[in-house]
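What follows is a single structure, written as structure tokens, with notes after it.
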Amino acid sequence: MSVYAISREFFSFLKKKQDDERISVTSSVLNLMKITSMLLFASSVLSTAKQFFGDPIHCDTKEVHVDAGLFEHYCWIQASFVAPQKFVNNTKLRFQHSEEERVYQNYYQWIPFILFFQGVLCYIPYNYWKNYLIFGNPDATNIVALAKSLILKRGSHCGYALKYVFAQFLCVASLALQLYAMDWMMGGNFLTLGTKLLYIQTDDDIKDFDKNPLLKIFPRLIRCWFEGKMGMSGTPERYAALCILPVNVFNEKVFVFIWFWFIILIFVGLIHFCWSVITVACSLPRVFILRFSVNSSSASFAYDRLVQIRKRSRREENMDIASLSGRI
């Protein structure tokens, strides 16, 4: 899928107006997953532009006898390290550190691909459900005929209901899998990212390597070693320089949003999944959904007919009718 196609679908989705005569049979969680995937695709495009067409890294090479461009490209490709720093009253306490204290990382160059892959994972549940729709998005004008058809063929849609529940499960599983995968990729610092950020109170905390997880995950200042030509002693000459990563200013904002947004989606998705299981297993919730949704909707013309159909099938309530009436 090209970048143009992704962008076109993203903006057309945002501009699309909901037609009053159309009935959506896709849950709000699945729609949120689709929106999330589009946002991730857009973030991937922006990160790609900043990384490949901008200035992702800049090193201070005044005291290094190496071409600045060569040094910066080398440091971008190789694993640079972040040294812990502590501040008190905006005063740096120390800078020299042992090898054990250094944090090596180079995953930030893969961020555009990671965001794109996350967008694919978020789109899978929506696409799974969309491909299994047996009647698409019906009109309000033919909802009665459709409901009657579902009743006459009741018992043959159990697989359809289970696929609906499984689609809700896929939403939660996809989000949880991504959180743990990102935590593994970022050295175990991502799962607690949001909670640690909430405890930051002072300017010293923002600059503290131990209190601000963003300094570990998306550092703005790194140190890089470059091994040059052989020296007089017969060993390679090593040059060190400080480098800044402007691209991480954008990356950290994206992943902070991802953390909070994914936590909210997981919470909402779990509630929706549990409710879907209950509605499939028990008939009482389906009766409640049918009565409440139809009575509170603008499609009151269909209420009497739906009640008549439900009375003829009181012993075997069908989940599909409740779901459809709730979308009128």
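Convert by adding 5 to the 1-based position in the sequence shown; the result is the number in our numbering.
Note that beta-carbon positions come from the ideal geometry of N, C-alpha and C, so glycine has one too.
Counting only unbroken stretches of 4 or more residues, the alpha helix (DSSP H) elements lying wholly within the segment 28-70 are 33-57, in sequence order. Comparing C-alpha distances from residue 231 to each of 43, 68, 32, 198 shows the shortest one belongs to 68. CA-CA distance, residue 62 to residue 253, rounds to 9 Å. Annotated three-state conformation of residue 244 is strand, per DSSP. Put simply, the segment 29-42 does not touch the segment 110-121. Fewer than three CB pairs are less than 8 Å apart.
Residue 82 is classed as exposed because its beta carbon has fewer than 16 other beta carbons within 10 Å across all chains shown. In the three-state DSSP reduction, residue 250 falls in the coil class, being neither helix nor strand.
The C-beta of residue 251 has fewer than 16 other C-beta atoms within 10 Å across all chains shown, which makes the residue exposed. Beta-carbon to beta-carbon, residue 137 and residue 168 are separated by about 5 Å, close enough to satisfy the 8 Å threshold. In the DSSP assignment, no residue is bridged to residue 287. Relative to the Cα of residue 163, the nearest Cα in the group 285, 38, 126 belongs to 285. For residue 130, the uninterrupted alpha helix (DSSP H) segment begins and ends at 116-136. Beyond the five residues adjoining it in sequence on each side, residue 79 comes within less than 8 Å, by CB distance, of 229, 231 in the same chain, given in chain order. Taking the CA atoms as reference points, residue 218 sits about 6 Å from residue 198. Setting aside the 5 residues that flank it on each side, residue 195 is surrounded in the same chain by 187, 188, each with a C-beta closer than 6 Å to its C-beta; the list follows chain order. Within the same chain, and ignoring the five residues on either side of residue 290 in sequence, the residues whose Cβ sits closer than 7 Å to its Cβ are 283, 284.
Beta-bridge pairing by DSSP links residue 232 to 243. Taking residue 177 as the centre and dropping the five residues before and after it, the same chain places the C-beta of 271, 274, 275, 278 closer than 8 Å to its C-beta, in chain order.
Cβ contact annotation for residue 256 (same chain, cutoff 6 Å, sequence separation greater than five): 116, 223, in chain order. Rounded to the nearest angstrom, the Cβ distance from residue 65 to residue 246 is 5 Å, consistent with a contact under 8 Å. In the assembly as shown, residue 258 is an exposed residue. Its beta-carbon has fewer than 16 other beta-carbons within 10 Å. Annotation: the continuous alpha helix (DSSP H) that includes residue 164 extends over 163-190. Rounded to whole angstroms, the gap between the alpha carbons of residue 242 and residue 74 is 18 Å. Of the candidates 280, 123, 174, the residue whose Cα lies closest to the Cα of residue 40 is 123. Excluding residues up to 5 positions away in sequence, 62, 64, 80, 227, 229 lie with their Cβ nearer than 6 Å to the Cβ of residue 248 in the same chain. A straight-line Cα-Cα distance of about 13 Å links residue 43 and residue 132. Sequence-distant Cβ neighbours of residue 266 in its own chain, meaning closer than 8 Å and more than five residues away, are 41. In the same chain as residue 130, and ignoring 5 residues on each side of it, the C-beta atoms closer than 7 Å to its own belong to 35, 38, 172, 175, 176, 179, in chain order. Going by DSSP, residue 222 is part of the alpha helix (DSSP H) stretching over 219-222. Here residue 205 carries a coil assignment [DSSP, helix/strand/coil].
Distance check between residue 49 and each of 125, 134, 72 places 125 closest, using alpha-carbon atoms only. Within the same chain, and ignoring the five residues on either side of residue 170 in sequence, the residues whose Cβ sits closer than 8 Å to its Cβ are 278, 281, 282, 285. In the assembly as shown, residue 76 is a buried residue. Its beta-carbon has 16 or more other beta-carbons within 10 Å.
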